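Whatever position you read off the sequence shown (first residue = 1), add 191 for the working numbering.
For each residue, glycine too, the CB sits at the ideal point set by N, CA and C.
What you are looking at is a predicted structure, and each value in this text was computed from that prediction instead of being measured.
Worksheet: the structure to be examined is printed underneath.
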Amino acid sequence: MVAGFRYPPERKMETTTTTTCTSTVSPRVFDTSAEGCKYVSDYIIKKIKDFAPTPEKPFVLGLPTGSSPEPVYANLVAAYKNGVISFKNVVTFNMDEYVGLSPSSDQSYHYFMYKHFFNHVDIPKENINILDGQAEDVEKECTEYEQKIKNIGGIHLFMGGIGPNGHIAFNEVGSSKDSVTRKISLAESTIQANSRFFKSMDEVPRYALSVGISTVLGAKEVIILAFGQNKAKAVSQSLNGEISSSCPGSFMRLHPQCQFILDRASAVESKI
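This is the structure we're talking about:
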């Protein structure tokens with residue numbers, strides 16, 4: 192950790208920052224989300240194969256949770272079981288985790304990843320990296336996670352989703368493009384959106400640990416999944432609006448190699 196630098200204990204609303212650039216983002220619109228997810232899983236498989244990873248030179252994947260990537264994971268599991276791909280020399284870093292939930296909680300992102308992906312492929316457990324939402328020292332956990340990504344040489348391909356308010360991972364509105372892995376106070380809209388997975392509003396976590404915008408932008412390649420009408424506004428703002436912390440997804444346009452994978456419903460408000 193650089194002397195004198197401290198990660199903020201939680202997200203604070205920052206003065207909205209704006210940036211201008213010539214966008215290099217590549218939106219791809221599919222008739223259905225299933226077709227989009229098939230494209231993404233095939234793309235990941237090709238990237239891993241072309242890289243020809245070894246134990247000394249693993250392929251590094253950044254991974255999300257949620258309903259959008261579930262079919263991608265199902266496709267990857269099927270490809271593994273059919274002998275198409277191996278994950279033995281793949282290292283993964285997940286985007287985020289709720290604060291306070293144990294890995295065994297069925298709503299934790301640890302649980303999600305093992306249920307939908309890790310339990311069904313040949314990735315070594317030591318190659319799996321997920322933030323610890325129960326860490327006693329949150330600052331240390333976030334610092335070490337960020338450093339571990341740097342120590343391995345960065346992420347080759349970061350797959351992520353986008354929230355209805357434009358958040359990437361749990362980088363809520365107000366997050367800076369220079370933000371790093373940290374504890375974040377979740378927006379009320381995010382809490383409401385996540386409440387459907389819990390028995391009551393009281394059980395919904397109010398905080399999460401999340402990689403930062405700069406962490407995602409530091410990957411060599413980024414793929415953002417966005418499906419459904421409820422993502423249309425966030426997609427439009429990300430692709431066509433001002434590059435600003437008022438829509439964290441818009442910062443993806445600063446990346447030299449980023450794809451937005453859309454279906455017809457999520458693309459309806461965008462100029463594509």
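Residue environment, residue i, which counts as buried when at least 16 other CB atoms sit within 10 Å
i	result
Asp287	buried
Arg444	buried
Phe389	exposed
Gly274	exposed
Asp297	exposed
Thr215	exposed
Ala243	exposed
Thr245	exposed
Asn421	exposed
Gln450	buried
Residue i: CB within 7 Å of a non-hydrogen atom of the ligand FAD
i	result
Arg373	Absent from the structure shown: the ligand FAD. Ligands present: none.
For residue i, the nearest candidate out of the options (CA to CA)
i	options	result
Asn266	Ile235, Leu400, Gly403	Ile235
Lys341	Tyr271, Cys438, Ser405, Asn431	Ser405
Glu548	Tyr264, Val282, Pro260, Lys229	Because the chain in this structure spans residues 192 to 463, residue 548 falls outside the shown range and cannot be described.
Val329	Val402, Phe242, Thr381, Pro255	Val402
Asn318	Lys279, Thr372, Ile463	Lys279
Met350	Val395, Glu379, Cys228	Cys228
Val371	Ile314, Leu408, Leu377	Leu408
Ser391	Val364, Ile382, Ala399	Ile382
N-terminal and C-terminal residue of the alpha helix (DSSP H) that residue i is part of
i	result
Leu408	404-408
Lys279	Here Lys279 belongs to no alpha helix (DSSP H), and DSSP marks it neither H nor E.
Ile236	224-242
Glu261	261-272
Leu445	Segment: none, Leu445 is in no alpha helix (DSSP H) and carries neither H nor E.
Cα-Cα separation between residue i and residue j, rounded to whole angstroms
i	j	result
Ser429	Gly440	5 Å
Gly253	Asn285	6 Å
Lys424	Glu327	38 Å
Ala456	Gly344	37 Å
Leu322	Asp222	35 Å
Leu416	Ser217	12 Å
Gly257	Ile353	10 Å
Ile359	Lys272	31 Å
Ile452	Phe250	22 Å
Phe303	Ser295	10 Å
Tyr300	Tyr289	7 Å
Ala384	Val395	10 Å
Pro255	Glu460	24 Å
Arg219	Val231	11 Å
Lys237	Leu292	35 Å
Ile375	Ile434	21 Å
Ser367	Phe442	9 Å
Ser386	Pro355	14 Å
Cys212	Ile276	Here the model assigns Cys212 a pLDDT of 49, short of 50, so the residue's position is not dependable, and the following value carries that caveat. Approximately 37 Å, taken between the alpha carbons.
Unbroken beta strand (DSSP E) run spanning residue i, endpoints
i	result
Cys449	449-454
Ser401	398-401
Leu254	250-254
Subject >> Complete runs of the beta strand (DSSP E) confined to the region 313-399 [at least 3 residues] >> reply: Runs of the beta strand (DSSP E) inside the region 313-399: 348-352, 373-376.
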